[in-house]
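What follows is one structure encoded as structure tokens, with my remarks underneath.
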Amino acid sequence: MGLIYPTGSAAAHPSNDSPGYKSTSLRHPKQPLVLLPHTLSEVTGPVYGHETVRPGDDDLTRQHAGEPLGERIIVRGRVLDEDGRPVPDTLVEIWQANAAGRYVHVKDQHPAPLDPNFTGAGRAVTDAEGRYAFTSIKPGAYPWRNHHNAWRPAHIHFSLFGPSFLSRLVTQMYFPGDPLFPFDPIFNAITDPRARERLISRFDMDTTQPEWALGYVFDIVLRGRDQTPTEEPHDD
Amino acid sequence: MTDGITPSQTVGPFFAYCLTPKDYDVREIFSPDVAGPGVQGARIRIEGRVFDGAGEGVGDAMLEIWQADAEGRYAHPADVGARGNAGFTGFGRAPTAPDGGFAFTTVKPGPVPGPGGTTQAPHVSLTVFSRGVLTHLRTRIYFDDEPANGGDPVLALVPEARRGTLVARSTAPGVYRFDVRLQGEGETVFFEA
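Protein chains in written order, with our numbering: chain A, 2 to 237; chain B, 661 to 853.
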């Protein structure tokens, strides 16, 4: 049966059986995965574009009466397919901790202050060239209980749809030079060092705005190749 | 060409205020209610729980579903037959409750084309995101009152003894029960694709 999308590329994803990340121990399947042909159910997917976002959704520093504390940043990049072609008009959702490393989420117990001027959730839609951009503040590192003295490197969570249910991606963007990289079992669950590198944004002076914000570039490559949809894309 | 795809990372425990922000002061754009009032088809509710390998409910997961409409049409350009059921997006997103419980309301999907001229039995694609899940899990929900299950080309790929984990059980008119077991006895069949 047909596999429309390249499957080798999916090897970049981390295994769910990653013992260094303790929460995986009771949450990873132990039975073998079944290879699923790429039927119409897989090569189609939810289509969410410009109608889902409102002006200002992409600026996390202007969602409250005042400005959040922290280091103002611009994060921009392109969403591409495996051939490097832009993925236009696709929704990008992000969420993150505040500058002190605290999430708004009710279950975050980290004893760092909440910022009344920062929620940490944003949305944007890629343009015709696959470009997106957010304005935010740099999230802080924060402790967790995975092991003694465990700290997550600063990161921004990303959620993307792309053109099909196969291209769906939830991931995390990191910042260059973070000293916590060698100690983080979530980052290191990706075994290929080149694949790990693709999660680290690049500091960019051209994106940086004078007397305003530091700029980082994070390009995202989704599964799939540009292809002309056909009525029976699953036929070999 | 590119160097390769961007790898997955866990959704983590703190996604709700962005992805399922019902309890936060953030506008919600997705919901577990897939079919608006104008959508044609038999209304159904799919409910269940997500369990971990110790049999405990997973209270911090997020589930997403993707399905065809009642006539087997996907709301997507790759399905050339898919037009005319305005208001049906086919996509739903639900967080789990503290006990691992979830529910979607939608319409029963119709059969859709399968590989090589076959027909796939009515089914819903389901993905599972959670703390402790680094790469989202992919499965399918079939329905126990569909005779077409016997000829479904994807179910046929699943070892017979495990096929039942993919089949939602009718528990009342229009209500189906589908539990997700991430690990252990009765472990749900998950796919790689």
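In this text, a Cβ means the ideal position worked out from N, Cα and C, and glycines have one as well.
Only a predicted model underlies this, so the values are computations on that prediction, with no experimental measurement involved.
Minimum Cβ-Cβ distance from A:Trp96 to chain B less than 8 Å: Here residue 96 of chain A is taken as the residue at index 95 of the first sequence, counted from 1. So, interface residue.
In chain order, which continuous runs of the beta strand (DSSP E) of length 3 or greater are located wholly inside the region 31–70 of chain A? none
Quick check on A:Phe135 - is its C-beta less than 8 Å from some C-beta in chain B? Position 134 of the first sequence holds residue 135 of chain A. No, because no Cβ of chain B sits closer than 8 Å to the Cβ of A:Phe135.
Short-range partners of chain A found in the region 825–837 of chain B, where Cβ spacing is below 7 Å: none
Beta-carbon within less than 8 Å of B:Thr680's beta-carbon, same chain only, minus the 5 sequence neighbours each way: which residues are those? By one-based count along the second sequence, residue 680 of chain B stands at place 20. Hits under 8 Å: Glu688, Phe690, Met722, Arg753, Ala754 and Pro755.
Burial state of A:Lys139, where buried means 16 or more other Cβ atoms lie within 10 Å: On the first sequence, position 138 is the one that residue 139 of chain A refers to. By the 10 Å Cβ count, A:Lys139 comes out buried.
Is it the case that the Cβ atoms of B:Val772 and A:Leu36 are separated by a distance below 8 Å? Numbered from 1 along the second sequence, position 112 holds the residue referred to as residue 772 of chain B. Numbered from 1 along the first sequence, position 35 holds the residue referred to as residue 36 of chain A. Not a contact, by the Cβ cut-off of 8 Å.
Given this structure, state the Cα-to-Cα distance separating B:Met661 from A:Asp82, to the nearest angstrom. Working through the second sequence from its first residue, we reach residue 661 of chain B at position 1. Working through the first sequence from its first residue, we reach residue 82 of chain A at position 81. Going from the Cα of B:Met661 to the Cα of A:Asp82 covers about 9 Å.
Sorted by chain position, which residues of the same chain lie with C-beta nearer than 7 Å to B:Pro643's C-beta, five sequence neighbours on each side aside? Here chain B comprises residues numbered 661 to 853, so residue 643 of chain B is not present and cannot be evaluated.
Contacting residues, own chain, Cβ-Cβ under 8 Å from A:Thr209 (five flanking each side not counted): Against the first sequence, residue 209 of chain A aligns to sequence position 208. Within the same chain, A:Thr209 has close Cβ partners Ile75, Leu215 and Gly216.
Determine whether the Cβ of A:Gln173 lies closer than 8 Å to any Cβ atom of chain B. Here residue 173 of chain A corresponds to residue number 172 of the first sequence, with the count starting at 1. Taking Cβ atoms only, chain B reaches closer than 8 Å to A:Gln173, which makes this a yes.
Check whether the Cβ of A:Asp109 lies closer than 8 Å to any Cβ atom in chain B. Residue numbering aside, residue 109 of chain A sits at position 108 when the first sequence is read from its first letter. So, interface residue.
Taking 8 Å as the threshold (beta carbon to beta carbon), is B:Gln780 in contact with chain A? Translated into positions along the second sequence, residue 780 of chain B becomes position 120. Chain A, which has a Cβ nearer than 8 Å to the Cβ of B:Gln780, makes this yes.
Within the same chain, show all residues whose beta-carbon is closer than 8 Å to that of A:Asp59, passing over the 5 residues directly before and after it, in chain order. The residue given as residue 59 of chain A occupies position 58 in the first sequence. Gly123, Arg124, Ala125, Tyr133, Ala134, Phe135 and Thr136.
Kindly list the residues whose CB is nearer than 8 Å to the CB of B:Val767, restricted to its own chain and excluding five residues on each side of it in sequence; keep chain order. One-based indexing of the second sequence puts residue 767 of chain B at position 107. So the qualifying residues of the chain are Val694, Ala695, Val699, Gln700, Gly701, Ala702, Arg703, Ile704, Asp729, Ala730 and Phe748.
Whose Cβ in chain B lies nearer than 7 Å to the Cβ of A:Ala196? For the purposes of this step, residue 196 of chain A is taken as the residue at position 195 of the first sequence. Ordered by position in chain B, the residues that pass the 7 Å Cβ test against A:Ala196 are Gly664 and Pro667.
Can at least three beta-carbon pairs, one atom from the region 178–195 of chain A and one from the region 99–111 of chain A, be found at a separation below 8 Å? no
Look at the Cβ atom of A:Pro89, then the Cβ atom of A:His111, and state whether they are nearer than 8 Å. Locating residue 89 of chain A in the first sequence gives position 88, where the first residue counts as 1. Locating residue 111 of chain A in the first sequence gives position 110, where the first residue counts as 1. It is not a contact, given that the beta carbons lie outside the stated cut-off.
Report the residue from A:Pro164, A:Leu27 and A:Ile187 whose alpha carbon sits nearest the alpha carbon of B:Ala738. Residue mapping note: residue 738 of chain B aligns to position 78 of the second sequence, counting from 1. Checking every option, the nearest Cα to that of B:Ala738 belongs to A:Pro164.
Please confirm whether A:Pro87 and A:Val80 have their CB atoms less than 8 Å apart. Taking the first sequence and counting its residues from 1, one reaches residue 87 of chain A at position 86. Taking the first sequence and counting its residues from 1, one reaches residue 80 of chain A at position 79. Contact flag set, yes.
Range covered by the beta strand (DSSP E) that runs through B:Arg705: Position 45 of the second sequence, counted from the first residue, corresponds to residue 705 of chain B. Arg703 to Phe711 is the span of the beta strand (DSSP E), which, as asked, contains B:Arg705.
What are the boundary residues of the beta strand (DSSP E) that includes B:Ala645? The structure shown has nothing for residue 645 of chain B, since chain B only spans 661 to 853.
Which same chain residues end up closer than 7 Å to B:Phe675 when comparing Cβ atoms and leaving out the 5 residues on each side of it in sequence? On the second sequence, position 15 is the one that residue 675 of chain B refers to. Closer than 7 Å at the Cβ level, and outside the excluded window around B:Phe675, lie Met722.
For the beta strand (DSSP E) holding B:Ala832, just list the boundary residues, first then last. Along the second sequence, read from residue 1 onward, the residue named residue 832 of chain B stands at position 172. Start and end: Val827 to Ala832.
With a cut-off of 8 Å, does the C-beta of B:Phe751 fall near any C-beta of chain A? For the purposes of this step, residue 751 of chain B is taken as residue 91 along the second sequence, with counting starting at 1. Chain A contact via Cβ: present.
Within 10 Å of its beta-carbon, does A:Arg203 have 16 or more other beta-carbons around it, so buried, or fewer, so exposed? Taking the first sequence and counting its residues from 1, one reaches residue 203 of chain A at position 202. Result: exposed.
Where DSSP assigns a beta bridge to B:Thr848, which residues make up the other side? Start at 1 with the first residue of the second sequence, and residue 848 of chain B comes out as number 188. In the DSSP output, where bridge partners are listed per residue, B:Thr848 has none listed.
Taking only beta-carbon atoms, is B:Glu820 less than 8 Å away from chain A? Start at 1 with the first residue of the second sequence, and residue 820 of chain B comes out as number 160. It does not; no Cβ of chain A falls within 8 Å.
Across which residues does DSSP place B:Val784 in a beta bridge pair? Here the question's residue 784 of chain B lines up with position 124 in the second sequence. DSSP lists B:Gln727 and B:Ile801 as partners of B:Val784.
Measuring only from the beta carbon, is A:Ile95 closer than 7 Å to any heavy atom that is part of the ligand ADP? Here there are no bound small molecules, and the ligand ADP is not part of this structure.
Which value, in whole angstroms, describes the spacing of the CA atoms of A:Phe119 and A:Arg63? The residue given as residue 119 of chain A occupies position 118 in the first sequence. The residue given as residue 63 of chain A occupies position 62 in the first sequence. Near 8 Å, if we compare the C-alpha coordinates of A:Arg63 and A:Phe119.
Hey, how far is the Cα of B:Arg791 from the Cα of A:Ser26? Position 131 of the second sequence, counted from the start, is the residue given in the question as residue 791 of chain B. Position 25 of the first sequence, counted from the start, is the residue given in the question as residue 26 of chain A. Computed Cα separation, rounded: 11 Å.
Would you kindly check if the distance between the Cβ of B:Gly846 and the Cβ of B:Thr831 is under 8 Å? On the second sequence, residue 831 of chain B is found 171 positions in, with the first residue counted as 1. On the second sequence, residue 846 of chain B is found 186 positions in, with the first residue counted as 1. Taking 8 Å as the Cβ cut-off, B:Thr831 and B:Gly846 do not qualify as a contacting pair.
Would you say B:Ser785 faces chain A, with C-beta separation under 8 Å as the test? For the purposes of this step, residue 785 of chain B is identified with residue 125 of the second sequence, where counting begins at 1. Closer than 8 Å to some Cβ of chain A, the Cβ of B:Ser785 qualifies, so yes.
Could you list the residues in the region 790–801 of chain B with a C-beta less than 9 Å from some C-beta on chain A, going in chain order? Ser790, Arg791, Gly792, Val793, Leu794, Thr795, His796, Leu797, Arg798 and Arg800
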